[in-house]
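Take a look at the structure set out below.
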Amino acid sequence: AETSTETEEDTGTDAGVEVEAGEDVIKVGVLHSLSGTMAMSETSVRDAELLAIEEINAAGGVLGKQLVPVIEDGASEPPVFSERAAKLLQQDEVAVIFGGWTSASRKAMLPVVEQNNGLLFYPVQYEGMEASPNIFYAGAAPNQQIVPAVDWLLENKGTDFFLLGSDYVFPRLANQIIKAQLEENGATLVDEQYTPLGHTDYNTIISRIRESKPTVIFNTLNGDSNVAFFKQLADAGITTDDLTVMSVSVAEEEIRGIGADVLEGHLASWNYYQTTDTPANAEFVANYKEAYGDDRVTGDPIEAGYFMVHLWAKAVEAAGTTDVDAVREAAVGIEFDAPGGPVKVDGDNQHVYKTVRIGEIQADGQFNEVWNSGEAVKPDPYLEGYDWASGISAE
Amino acid sequence: MQTISARLLERKWLFVALIIILLILPFFISDFRTNLLGRYIAFAILVIGLDLLWGYTGVLSLGHGIFFGLGAYIMAMHLSMESMTGAVPDFMTWNGITELPWFWAIFSNPISAIIGAIMVPMIIASILSFFIFRNRIRDVYFTILTQALVLVTTTLIVSQQSFTGGTNGITGFSTIFGYSLSSPATQKGLYYISVGSLIVVFLICSILVNSRFGKTLIAIRDGENRLRFSGYDTSMFKVLIFSLSAGIAGLAGMLFVMQVGIISPTMIGIIPSIEMILWVAIGGRGTLIGPVIGAILTNSAKTFFSESYPDFWLYFLGLVFVIIVIFLPGGLMSLVDKVKRRGGKHEKRKEPTDRKETSHSAVG
Amino acid sequence: MKNVKNLQIEKKPVILQSDKLSVRFGGFYAIKEFDFSIPHGELHFLIGPNGAGKTTFLDAVCGKTKYSEGTLMFNGTTNLAKLKEYEIVREGIGRKFQAPSIFPFLTVFDNLELAMKQDKRVIPVLFSRMKASDKAKIDEMLSLIGLKEQKNVVAKTLSHGQKQWLEIGMVMMQEPNLLMLDEPIAGMTEEEEEKTGELLLELKKRCSIIVVEHDMDFVRKFAEKVTVMHGGQLLCDGTMEEIQRNERVMEVYLGKKGEQANAKAL
Amino acid sequence: MLKLSKLEVAYDGSTVIRDVSLTVEPGKVVCLMGRNGVGKSTIMKTIMGVLQPVNGTVSYSDEEVTKKNASYRARKGIGYVPQGREIFPQLTIYENLLLGLEARSNSEEKINEKIYEYFPVLKEMKDRRGGDLSGGQQQQLAIARALVAEPSCLLLDEPTEGIQPNIVSDIQEVIKDIKRSQVNTSILLVEQSFDFAKSVADYFYVMDKGRIVYEGEDLMEEKVSQYLSV
Amino acid sequence: MDGMIIQAFNGVSLGSILLLIALGLAITFGLMKVINMAHGELIMIGAYTTYVVQVIFAQYLPATMFDMYYFLAIPIAFVVAALIGMLIEFTVIRHLYGRPLDSLLATFGVGLILQQTARSIFGAPNVGVQSPGFLRGGLEVMGVTLPYIRLFIIGLVIVSFLLLAWFLYKTRNGRKIRAVMQNREMAQCLGVSSRKVDLITFAIGSGFAGIAGAALTLIGPIGPTIGTYYIVDAFMVVVVGGVGMLIGTVAGALGIGIFNTVFEYWTNASMGKVLVFALIILFLQWRPSGMFSLQSRSLD
Ligand SMILES: Nc1ncnc2c1ncn2[C@@H]1O[C@H](COP(=O)(O)OP(=O)(O)OP(=O)(O)O)[C@@H](O)[C@H]1O
Ligand SMILES: Nc1ncnc2c1ncn2[C@@H]1O[C@H](COP(=O)(O)OP(=O)(O)OP(=O)(O)O)[C@@H](O)[C@H]1O
Ligand SMILES: NC(N)=O
Ligand SMILES: [Mg+2]
Ligand SMILES: [Mg+2]
């Protein structure tokens, strides 16, 4: 027996959107960590998703209906993500969930969306090795971020790699890929180090860096540790003259928390930067700043959060219904002119074609793009297109 | 003269009332809510053990997340073996492990998983606590140490991800002992199993605390050294009660994972471990029933606030903790006692919570 | 038999024997080469100035303080150095502390129940039940220590003196062979002292007793044998009459009370 | 000097002191006697301000202090030697004594030599921590700590408990000495020893079950046996 | 040889940071017996204060003066954290003296509130603080570079420690503080206003947390949850050193810092942490109440 009052309460208080009960709205779930350690990254993504929802509503909604976001807090805890996903699907009966950041949160939601035949759009680059029929992956697969970055580094920066990551799934798996790739290319792995999540003392790591003298550090540290690492690296007097750090989890938002002064000259690999020069982006950045303040910055996961809402909306329009199976089918091949360049949903694995971009950090905290893939790269979460990776994806 | 309402506030009647409510509630709320309630019941089981340890024996553990986690992980390992398609779970494949490690294999049998989920925490707790208590590490030293233990354990779990699933935890189960996890009937069944476990654990612990053994626990809390000079080897009592509470935590973890479908390190870390203690405090330590109510109410409130006010719920939660601890040191149960006293019964009762927790007892 | 200097040995076997016992805190010797022995069934008073080491000696016997040198033998054969506190209690040594120490949140009855002689290992306690004979024993003790009315009162609400009584009761419930009381009558009225003294004489039939006390009237009245400690060492021992005549004892401990009183009376 | 009127004190709702009125005249030594648990210490604590009475008033040098806290009363000149000593265990003897000076208005940190004359052991062990002292040494320290502030009213709760006989007589001397040399200092003494009480006190109160049952300048044997026997 | 110097320096450097984060706790927890779970959030307050001071300098003062912000930030961080500490004492802690474990729970709640407040004011993402220019670079000693920032923190912690030790053990107010913490009631009976002393003591402890926060901006992240990174370490330092002993806190911090560095170097960061904790447990087996134990014979 469903209690209707409860449902109304849930939606009514969320995000300040007044709901007129009835058939002419579509409820969508927005599930990110608003508290706990992941809040610092995820709140901005939520903001971008809400922005997209507003835009769609302003343009007349989806199928003529307004979208009503139901916002939930995943509290940086995977079981909470799983609980709230179940709540959104069972209780609020949302048409789709936009949410998650860490792989742990995605893995927690995965069985829930599968069992309830729901839809999840996930906005963050991740380690691959997954393709659930109920999830659309708007972030980069490894071949859209890591692999091209390593190729570029080998060509431009040197062959002595130091792999540094936080001790969890994404860095471990990313580094396996990198190691295979290095071996394939005859490059050298000088050291591989992991630090616990939230680690803040990098003295010892820096000593190791000094000893092993890499030309490249491939950095898969998680948010907060990046701050400590880069500050301490700079204090130790190690500059871009000595080596280059390539990061895959440092975007504009993180740069502000680290301080551009210590990052200048280091690199990152993403599919989007605030400085990416497309007409869609100029508008997106302007709208985002207008909505949330001039001092805010955009970044890759923010952009992914933004465009994936639009992708879903287009898929619903194409399907003519919010029914999950119909939307899933209709989504294949859907394209959208995202701020980071055109994106397209892949039919094989429900990931997204994206342009790969390598950027150098500037003194103002923005990126200067030094390379891009030209066209959108096909996602390959299992790295099936790379022989050298066969040992990793082997079942 | 004792009025009916006063009688209802007796602890045992309170418990009976609670159980009746828990038994019939699923007929009135959605499956989703029932499932949530089932999780809270798992927590309620856990806090009974914590209350034995803290409320009665005065040993504050901020490390029960570990034992909860052990039970949960063992059951999760079993469920994930039940559901896996290949020879090993996915995450092992990525880490280049092709054969099930022995400590996984032994839990592939459901019976051994259930026994393991309870016994492994007990055994580990008894070994650990034997060394800690034997050397008279106590009070805040013990408490801080347990907190550090949590940190180490989660760090270990995360860093040994090829065996443990790392930060992702273990998830993705489809069946449980052959029943489909997504079926509402299975979920209801698990709910009632949880209620049943709550009853059994509660009764056993009630009998325990009302026996001479229970008095010994209180004596340890209030004057451990004095008790030693009365001929008791208090450290062994503490080892026993610590292990028992760890076993209960393991059981709770097992029930939790069956209903939630995931266990990951964040669930057993420092903050969840502290929250468990808060449930005890909010309900009223040293009363058994209080913590049970505290766990269910606090978690319901937490869910309610965080669903309704995702941006503000931490303020609520923080304030509730502060206010309860300051103004209601005996927890919700002291409120019940107050009402009861007004209800006509002027019995003088002990309130263990207003005692001063001086670190030096008279003979220390 | 052991080669012991003590003369009492001829009459009764020794229950506690200390041999060149020393207890040290840092560089400070609270007890230094202290020889002491007490035979079965004796009521023995241990006196001496504040800081002489009396409490420390009791601490050493009951295992609270580790001693650095010397030996402590119980019943002639048991070396107390090797035992933990609770094992020492199980051997039959009971101790009342100088400041009353009881379980404040248990009732008076429960306090006595826990102290009662019984199997105190974990598992037996887990399955033990209250027997009618236990109850009777506790009730008897309650009337003996005058706390019958407070039977179900939480112990922390007792007054200082009542706590003292309760603790004496608790130690007696252990049915020890050697009872050690540290200033048992402190804070008691004279009548109460009297009663305590009679209690001691009664208990003496069951066990040996060491009493530390500063109240000389009390000592005079009840002591069989008195040992005087000073600076952690044995000053002298003997009957109260002998002690009272000892110059050193008068100087460091008793004071020249009589003369002073006379002087002031002028 | 000190005046209690119609005092009623309770612990957690259970009354232990009922309708107690008591006066201590300046320069007098007043002795409060009674069996264990009749409420002597409770009265002392209420005078000091550690406990708040339910009813009644406490006045001190013509000022009503019922609502004032303990530190106010201490600074007004009430000194307190509690039963159970209450030494600061981690502070040295010397520091314990210096703390006694806090109640005084002038901030000079100097211990009157006389204190050391009364209790020589405190000088010997000046730097030992209070908690390491023997019971009797602590009791001496507690008395000394109260004396250093030169209080005008001294509350002594069983000051001789646990003290060796010759020092007991010294304390007796100290009290007499105070009576002689500080004629305005009054003392309220709780004491079990009949002889001791008789030798120093000018006035007696005897309590039973939370009430004053006898008062007078002399303590008659029959009264004693009536109220003080078990 | 170089390796040795670097290792030793890294150990001392980590130890100095641990000491800095634990110094305030040595007061609020060590002396006052308040298990202050909001200590990490007080550190956070110090860090955000530094950030605000920096922003103000950047906006309103000429660029040449920018580097001076840091000198002002440290005392301001102390004062702001101390004031908030006072507020916490006044509203929460004062109800909880003598109930250490309750204080743990209540301050945990306070921590949540402070975290959420910071999130509301400064946003969830980290904010950046630029280290002052004169702390850039390092000192060359025998072929190794010792970063000025690390040297500065070591200096800061030495000064903080000496000030605190002098205040607590050599001044009259320090004596009052210690007396009140040991026996509140009796101190009051001697004319010490324990309310005032409690308030001030907690404020001082909080203020030192603020200083730690200011220092941490030089080397770590500044966000609403940074307190959680440091809180367990801070408690471990105090406990290993011995609760209530300031000197113990120093020993605990250096010990943990050095062993952590060595173990991390031998193995890796995760295992290093595990090994340090294993060592701590072993150590407490041997000394159950820390390196410098306060355990005196209790009153009997
Ligand atoms: N832990 C300790 N550290 C330093 N000195 C100590 C310690 N324990 C006891 N002492 C010292 O040892 C001496 C003996 O103390 P003890 O308590 O045995 O005396 P006592 O004979 O019981 O005195 P009293 O009659 O006053 O109770 C005292 O001088 C005391 O200060
Ligand atoms: N903290 C407390 N809580 C409740 N009741 C108490 C408390 N302290 C004392 N009482 C009760 O108050 C009564 C008076 O106690 P008080 O300590 O004043 O007695 P007393 O006359 O000083 O006795 P004694 O000679 O033994 O020291 C006692 O009956 C005791 O049970
Ligand atoms: N998916 C990530 N970056 O954890
Ligand atoms: Mg003694
Ligand atoms: Mg008294």
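Residue numbers (the numbering used here), protein chains in the order written: chain A, 53 to 447; chain B, 5 to 368; chain C, 107 to 372; chain D, -13 to 216; chain E, 645 to 944. For each residue, glycine too, the CB sits at the ideal point set by N, CA and C.
Measuring only the C-alpha atoms, how far is residue i from residue j?
{"i": "E/L985", "j": "E/L783", "result": "The structure shown has nothing for residue 985 of chain E, since chain E only spans 645 to 944."}
{"i": "B/F246", "j": "B/A129", "result": "7 Å"}
{"i": "B/R43", "j": "B/L259", "result": "8 Å"}
{"i": "A/F282", "j": "A/V314", "result": "6 Å"}
{"i": "A/D393", "j": "A/S96", "result": "According to the sequence shown, residue 393 of chain A is Gly rather than Asp. Distance between the alpha carbons of A/G393 and A/S96 is about 20 Å."}
{"i": "B/I131", "j": "B/T238", "result": "16 Å"}
{"i": "E/V697", "j": "E/F903", "result": "36 Å"}
{"i": "D/A(-4)", "j": "C/P206", "result": "22 Å"}
{"i": "A/N109", "j": "A/Y174", "result": "21 Å"}
{"i": "C/V318", "j": "C/G159", "result": "11 Å"}
{"i": "C/A221", "j": "B/I25", "result": "42 Å"}
{"i": "D/Y191", "j": "D/L8", "result": "8 Å"}
{"i": "B/G287", "j": "B/V296", "result": "7 Å"}
{"i": "E/L658", "j": "B/L64", "result": "30 Å"}
{"i": "E/L946", "j": "C/K188", "result": "Absent from the structure is residue 946 of chain E, since the part of chain E shown begins at 645 and ends at 944."}
{"i": "A/A91", "j": "A/P131", "result": "16 Å"}
Write down the C-beta distance between residue i and residue j rounded to the nearest angstrom, noting that I regard them as a contact closer than 8 Å.
{"i": "A/W408", "j": "A/S321", "result": "One detail in the question is off: residue 408 of chain A reads as Val in this sequence, not Trp. The Cβ separation is near 7 Å, so the contact holds."}
{"i": "B/G254", "j": "B/G75", "result": "3 Å"}
{"i": "A/L273", "j": "A/G217", "result": "6 Å"}
{"i": "E/V884", "j": "E/F927", "result": "7 Å"}
{"i": "C/M335", "j": "C/L122", "result": "Not quite, the Cβ-Cβ distance comes to about 15 Å (not below 8 Å), so this is no contact."}
{"i": "C/I199", "j": "C/A166", "result": "The pair is not a contact, with the Cβ atoms about 11 Å apart (cut-off 8 Å)."}
{"i": "D/G121", "j": "D/G148", "result": "5 Å"}
{"i": "A/G411", "j": "A/Y358", "result": "Wrong, their Cβ atoms sit about 19 Å apart, outside the cutoff."}
{"i": "C/F203", "j": "C/T333", "result": "Contact flag wrong, Cβ pair sits at about 20 Å."}
{"i": "E/T905", "j": "E/G684", "result": "Actually they are not in contact, since the Cβ atoms of E/T905 and E/G684 sit about 22 Å apart, beyond 8 Å."}
Original post:
Listed in chain order, which residues are found with a beta carbon closer than 5 Å to a heavy atom of ligand 1?
Top reply: C/F131, C/A136, C/N156, C/G157, C/A158, C/G159, C/K160, C/T161, C/T162, D/D118, D/L119, D/S120, D/G121, D/G122 and E/R941
Subject >> Closer than 7 Å: residues whose CB approaches a heavy atom of ligand 5 >> reply: C/S265, C/H266, C/G293, D/K26, D/S27, D/Q69, D/D143, D/E144 and D/V176
Original post:
Is the segment 224 to 238 of chain A close to the segment 427 to 445 of chain A, with three or more CB pairs under 8 Å?
Top reply: yes
Original post:
Between the segment 312 to 319 of chain C and the segment 274 to 292 of chain C, do three or more beta carbon pairs fall short of 8 Å?
Top reply: yes
Subject >> Contact the segment 292 to 306 of chain C vs the segment 172 to 183 of chain D: 3+ CB pairs below 8 Å >> reply: yes
**OP:** Spell out a yes or no on whether the segment 767 to 782 of chain E and the segment 707 to 715 of chain E are touching, meaning 3 or more CB-CB pairs, one atom from each, closer than 8 Å.
**Re:** yes
Original post:
At which residue ranges does the segment 265 to 350 of chain C contain complete beta strand (DSSP E) runs of 3 or more residues, listed in the order of the chain?
Top reply: 284 to 288, 314 to 318, 331 to 336 and 339 to 344
Original post:
What are the start and end residues of each continuous alpha helix (DSSP H) run of 4 or more residues lying completely inside the segment 95 to 155 of chain D, in chain order?
Top reply: 99 to 104, 106 to 110 and 121 to 133
Original post:
Which runs of the alpha helix (DSSP H) fall wholly inside the segment 252 to 307 of chain A and span at least 4 residues, in chain order?
Top reply: 255 to 264 and 275 to 287
Subject >> Segments of 3+ residues assigned as beta strand (DSSP E) that fall wholly inside the segment 274 to 327 of chain B >> reply: none
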